[in-house]
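Residue numbers (the numbering used here): 1267 to 1494.
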């Protein structure tokens, strides 16, 4: 680690197994959130900036001063293929932290996606490039490049802690963060939820649209009386 508190870079951490990351790419974010007892779900205002964007990868966290992207440029340079850069931009929407030129650099270096607690710009170009980008909003105003900021240390993103090497999954429903030590357990439970939901969907399509157990729960809560 080099630098001083608030202006430093950490460059070494472990990343999830690539096979595990690939498996998460096939699980919708709602199933992953459900598998963590509804925790780990990022503020839903952070959404894909173009329709169909989705990614799954190891987190590369960045913390930057509002309206400044110096450390984001460095994070793009540092990223390993498939990494998802997660930026705490202080929730500021007055200046875009990322745009077309940075997007082309990120794509060329194999960045898997980017998540911003802040604004981006050049949305049409991002969509054409098909680089998965998720953000609080869009602004045409450009950023400064002075710092300070930190790379490779835990950050807050939309109310969730994201540490280096955590698993990030983002899709049309939003963004979830899975702590690295929990990835195997969460993946197993999320896949089990997928199977249960697929089975229930078959039942609905097969002529059983009513969910079992609803009346029993209402009776237990005193809303309905017991059948005589």
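Where a beta carbon is used, it is the ideal one built from N, C-alpha and C, also for glycine.
None of the values given here were measured: they were computed from a predicted structure.
Measuring CA to CA, which of 1298, 1270, 1283 and 1275 is closest to residue 1454?
1298
Take the Cβ of residue 1310 as the centre, count every other Cβ of all protein chains shown within 10 Å, and call the residue buried at 16 or more, exposed below.
exposed
Can you pull the DSSP bridge partners for residue 1379?
1350
So what's residue 1444 in DSSP terms, helix, strand or just coil?
strand
Relative to the alpha-carbon of residue 1427, which residue among 1457, 1386, 1271 and 1353 has its alpha-carbon at the smallest distance?
1353
For residue 1463 versus residue 1329, is the C-beta distance shorter than 8 Å?
no
When 1386, 1432 and 1467 are compared against residue 1348, the one with the closest alpha-carbon:
1432
Taking the alpha-carbon positions, what's the residue 1335 to residue 1368 distance?
10 Å
Give every residue of the same chain whose Cβ lies closer than 6 Å to the Cβ of residue 1492, excluding the five residues on either side of it in the sequence, and list them in chain order.
1485
Just list the residues that DSSP pairs residue 1329 with in beta bridges.
1354 and 1416
State whether the region 1316 to 1327 contacts the region 1277 to 1297, with contact taken as three or more CB pairs (one from each stretch) at a distance under 8 Å.
yes
Could you name the residues that DSSP lists as bridge partners for residue 1276?
In the DSSP output, where bridge partners are listed per residue, residue 1276 has none listed.
Residue span of the beta strand (DSSP E) that contains residue 1433, given as start and end:
1433 to 1437
In the DSSP assignment, what are the bridge partners of residue 1285?
Partner(s): none; residue 1285 has no beta bridge.
Excluding the 5 residues flanking residue 1343 on each side, which residues of the same chain have their C-beta closer than 8 Å to its C-beta?
1375
May I have the straight-line CA-CA distance separating residue 1270 from residue 1386, to the nearest angstrom?
28 Å
Report the residue from 1383, 1364 and 1307 whose alpha carbon sits nearest the alpha carbon of residue 1355.
1383
Would you mind reading off the limits of the alpha helix (DSSP H) that contains residue 1299?
1295 to 1301
Going by beta carbon distance, what residues of the same chain come within less than 7 Å of residue 1296, once the five residues before and after it are set aside?
1439
For residue 1466 and residue 1400, what's the separation of their Cα atoms in angstroms?
31 Å
Quick check: what's the CA-CA separation for residue 1411 versus residue 1425?
26 Å
With residue 1391 as the anchor, note down where its alpha helix (DSSP H) starts and where it stops.
1389 to 1395
In whole angstroms, what is the alpha-carbon distance linking residue 1380 and residue 1350?
5 Å
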